[in-house]
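Here is the structure we will look at.
There are 2 protein chains.
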Amino acid sequence: MSHASPQAAVDLGDLLAPGREVEAHLQALLERRPLPQNLRQAALYALLGPGKRMRPVLLIRCCEAMGGRLEQALPAAAAIEMIHCFSLVHDDLPAMDDDDLRRGRPTLHRHTNEAMAILTGDLLNTFAFEVLAESYGTTAPDRVGPLVRELSVATCEMIAGQVMDTLPDFGPETPPLERLQRIHRSKTGALIRAACRMGVICAGGLEDEARRAQLEGLSDYGQTIGLMFQVVDDLLDVTSTADAMGKAVGKDQDRGKLTYPGLLGVERSRRQVAELRGRAHESLGRFGTEADPLRRLADYLAVRER
Amino acid sequence: MSHASPQAAVDLGDLLAPGREVEAHLQALLERRPLPQNLRQAALYALLGPGKRMRPVLLIRCCEAMGGRLEQALPAAAAIEMIHCFSLVHDDLPAMDDDDLRRGRPTLHRHTNEAMAILTGDLLNTFAFEVLAESYGTTAPDRVGPLVRELSVATCEMIAGQVMDTLPDFGPETPPLERLQRIHRSKTGALIRAACRMGVICAGGLEDEARRAQLEGLSDYGQTIGLMFQVVDDLLDVTSTADAMGKAVGKDQDRGKLTYPGLLGVERSRRQVAELRGRAHESLGRFGTEADPLRRLADYLAVRER
């Protein structure tokens, strides 16, 4: 980078490194499953574009913060990335956001065609649950139910949030800021929170009361950084360039969508980010150094530039 | 009916009656779940149009044949109907089959709009797994994993079958009849077979070897009537009227799609139905009168006129 940026203040190190393991696991899962070749290729295209892998990394880091191992978390991490990618593919469709560019590449319906993009999204949605059932069914059968519950509830929430965002149905009595918060709590917050909770479930031992309290701490953490993620996203849509983001920017405003900077202004939105960053740290109060990666993740997500 | 029909030869009686319970349960599940009103209405429209409820009824009748109760099967029956309805909504979309009519009513994207139809299909796909996890999570937690596995594997198969059917990717070495069989084994067969297997899982007791053998019998039954269902569907597309079917007919032929009557002719297709009907009865050899509803279902599905 040619200029000093606040992002430089966060030493990422190998913080996001588990994302590479997730990508390898996604690829292996897709290659192992019998599928028509064109569908498999489309699914791999949707899954393996450049990306931060934020949800799977969060899931893995939460599992590790609870003393679990990467391997225990990998199938759940792959499943949550499938859900995220399914939502991106469908959100980009002509009947939805009608986007041509995603992560710096043509969107899937541009790369293939609309029917294939619809069906690939459908496949990834369902495949996530197949992966949970198949992967944990033999190694940790008692975790399948809780993992499926977390992921399905959050995914339904995410879809409901997309409806609230694009096909709003609020009564006139709902103030704009409350609308915006409800949209984002559902649309992005629920899945990020679920990532954290699923990581804890993968680590196991939830019959222990102290660990259940830690689950609640990590739920709060997830909820907080989920909201922070969205405020930052809205800010980036105003202040960043398409080049840096790898997707179209300024579209929220053009479309008259509710956004944090639009409602609160840029400065108040930035203060909101700082406050949420502090709250994310507080929610990790029950943890020692084992949660340091989560602290650094919160810092990184507060200052990210794409 | 003004003329004697072969269908009259099968006394349906209350064979399909559990379908009404399934509809009531679907309605209750949708009303209980917090959702934006417009999304809830769209989901109810997609779920509660007139329909045979074949998959949930099969699931329930298989559960009962194994000594289980309707109540044990009801959430799984609702879940499989959600998957079926999700697939109908997405298959009808302009980018897919572009159908205006379904079950005698406007298709969902005609009734609402395309974005809502995409999102409603997505919701029903995911909600099916939420229902399995939530409903059995407390009453029969050890059944969540096996149920999720059956339903997710079959749904992925169904989606793969839709890709094979509409975006074919077969090598030139695959003969047409084999293509057709592979398409239908995936597109309709897998979910019908899963309905039967899920019914057995709902009844429980699969640590018993004799019951596991019964599971295999009901799997074969499901596979057989799944294939039979499709041959009959293809025949009806040739011989029935849009009025009787509640959807457009003759479209397969117009589109040059592979069909059984197209490949084998009407008469050989009819003999195929008769043969499959016999095979369905054979697969129930391990069962006494408790499987009579399944025998009558096979008879009904062989001679149905819509």
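The listed protein sequences correspond, in order, to chains R and Z. Just add 848 to wherever you are in the first sequence, counting from 1, and you've got the working numbering. Just add 848 to wherever you are in the second sequence, counting from 1, and you've got the working numbering. By construction, the Cβ of each residue, glycine as well, lies at the ideal position given by its N, Cα and C atoms. Computed from a predicted model, the values in this text were never measured in an experiment.
Please classify residue i: is it buried, with 16 or more other beta-carbons within 10 angstroms of its beta-carbon, or exposed?
i       : result
E1005/Z : buried
T1072/R : buried
D1085/Z : buried
N973/R  : buried
G1136/R : exposed
Q920/Z  : buried
T986/R  : exposed
P884/R  : buried
R1045/Z : buried
D1013/Z : buried
T1022/R : exposed
P1109/R : buried
G1133/R : exposed
R1041/R : buried
R880/Z  : exposed
A876/R  : exposed
R997/Z  : buried
P1024/Z : exposed
D1056/Z : exposed
P882/Z  : exposed
P898/Z  : exposed
P1020/Z : exposed
A1061/R : exposed
G952/Z  : exposed
E1123/R : exposed
A852/Z  : Caution applies to A852/Z, whose pLDDT of 40 falls short of 50 and renders its modelled position unreliable; the value that the coordinates give is listed next. Counting Cβ neighbours within 10 Å, A852/Z comes out exposed, since fewer than 16 surround it.
D862/R  : exposed
E869/Z  : buried
Which residue wins for smallest C-alpha separation from residue i, given the options the options?
i       : options                            : result
H1142/Z : E1115/Z, L1111/Z, Y1069/Z, L895/Z  : Residue identity check: residue 1142/Z is Leu in the sequence provided, not His. The shortest C-alpha separation from L1142/Z is found at Y1069/Z.
S935/Z  : D1082/Z, E1123/Z, K1035/Z          : K1035/Z
P994/Z  : A890/Z, L1054/Z, L941/Z, V870/Z    : L1054/Z
S1000/Z : I931/Z, G969/Z, P1020/Z, G1019/Z   : I931/Z
H1129/R : R1119/R, Q1010/R, D1140/R          : D1140/R
D1150/Z : R888/Z, M902/Z, Q875/Z             : According to the sequence shown, residue 1150/Z is Ala rather than Asp. When each option's Cα is compared against that of A1150/Z, the closest is M902/Z.
A1043/Z : S1117/Z, L892/Z, R909/Z            : R909/Z
I928/R  : C1050/R, D945/R, T955/R            : C1050/R
L1112/R : D1082/R, L1063/R, L1145/R, A894/R  : D1082/R
I1031/Z : V992/Z, L874/Z, V1079/Z            : V1079/Z
A1008/Z : L1145/R, P1024/R, L887/R, G915/R   : L887/R
N961/Z  : D940/Z, A976/Z, L980/Z             : D940/Z
A816/Z  : L1066/Z, L907/Z, P942/Z, D947/Z    : Outside the displayed range of chain Z (849 to 1154) lies residue 816/Z, so it cannot be described from this structure.
G1047/R : R868/R, E869/R, G916/R             : G916/R
C933/Z  : E871/Z, D990/Z, P882/Z, L922/Z     : E871/Z
A865/Z  : Q889/Z, P904/Z, A1146/Z            : P904/Z
T1107/Z : R1027/Z, D970/Z, R1060/Z           : R1027/Z
L874/Z  : S983/Z, L1124/Z, L956/Z            : S983/Z
G1074/Z : L1145/Z, D1017/Z, G1019/Z, E1138/Z : L1145/Z
V937/R  : A894/Z, E1123/Z, I966/Z            : I966/Z
G1037/R : A1061/R, P1020/R, S1067/R, F1018/R : S1067/R
F975/R  : A981/Z, T955/Z, A1002/Z            : A1002/Z
K827/Z  : Q1010/Z, F1077/Z, Y1148/Z, R1119/Z : Because chain Z spans 849 through 1154 in this model, residue 827/Z falls outside it and cannot be assessed.
At which residues does the alpha helix (DSSP H) containing residue i begin and terminate?
i       : result
T960/Z  : Taken as a continuous stretch (DSSP letters only), T960/Z belongs to no alpha helix (DSSP H), as it is neither H nor E.
D1140/R : 1140–1151
F934/Z  : 918–939
A876/Z  : 866–880
L1161/Z : A query on residue 1161/Z cannot be resolved here, the shown segment of chain Z reaching from 849 to 1154 and no further.
P1109/R : 1108–1112
A894/Z  : 885–896
Under a CB-based cut-off of 9 Å, is residue i close to chain C?
i      : result
I966/R : Here chain C cannot be found, since the structure's protein chains are R and Z.
Within the segment 1005–1080 of chain R, note down every full alpha helix (DSSP H) run reaching 4 residues or more, in order along the chain.
1024–1032, 1038–1051
Report the residues of the segment 999–1025 of chain R with a CB closer than 7 Å to any CB of chain Z, ordered along the chain.
S1000, V1001, T1003, C1004, I1007, A1008, Q1010, V1011, M1012, T1014, L1015, D1017
Give the residues from the segment 1030–1047 of chain Z that approach chain R closer than 7 Å (Cβ to any Cβ), ordered along the chain.
none
For the segment 931–950 of chain R, which residues have a beta carbon sitting closer than 7 Å to at least one beta carbon of chain Z?
H938, L941, A943, M944
Got a sec: which bits of the segment 875–886 of chain Z sit with their beta carbon under 7 Å from any beta carbon on chain R, in order along the chain?
L883, P884, Q885, N886
Please list the residues of the segment 968–997 of chain R that have a C-beta atom closer than 8 Å to any C-beta atom in chain Z, keeping them in chain order.
G969, D970, L971, N973, T974, F975, F977, E978, L980, A981, E982, Y984, G985, P989, D990, V992, G993, P994, V996, R997
Interface positions of the segment 903–928 of chain Z facing chain R (Cβ-Cβ less than 9 Å), listed along the chain:
none
Give, in chain order, every residue of the segment 952–964 of chain R whose Cβ lies closer than 7 Å to some Cβ of chain Z.
E962, A963, M964
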